[in-house]
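K.L.:
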Amino acid sequence: MTTQEKLNLPKSSLRDFCRRNHIRKLALFGSILRNDFQRESDVDVL
Numbered sequence: 099m100t101t102q103e104k105l106n107l108p109k110s111s112l113r114d115f116c117r118r119n120h121i122r123k124l125a126l127f128g129s130i131l132r133n134d135f136q137r138e139s140d141v142d143v144l
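Shown next, in the form of structure tokens:
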């Protein structure tokens with residue numbers, strides 16, 4: 099499963115969120131990038 103599929107969030111929504119909040123660069127880390135991501139897992143954002 100890709101990271102995009104795990105997030106279940108359209109790219110346009112993420113892009114709009116970043117624009118509204120003046121976010122120029124967004125990075126994910128943790129289980130979302132590994133094979134141990136679960137439905138109950140949180141999403142680590144930097």
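Residues in the sequence shown are numbered consecutively from 99, following our numbering. In this text, a Cβ means the ideal position worked out from N, Cα and C, and glycines have one as well.
1. Measuring alpha carbon to alpha carbon, tell me which residue in Val-141, Asn-119, Arg-132 is nearest Met-99.
2. Taking DSSP as the reference, what is the three-state secondary structure of Phe-135?
3. Can you give the beta carbon distance from Thr-101 to Leu-124, rounded, assuming they're within the 8 Å contact cut?
4. Tell me whether Asp-142 sits in a helix, a strand or coil according to DSSP, three-state version.
P.N.:
With the structure as the only source:
1. Arg-132
2. coil
3. Contact flag wrong, Cβ pair sits at about 12 Å.
4. strand
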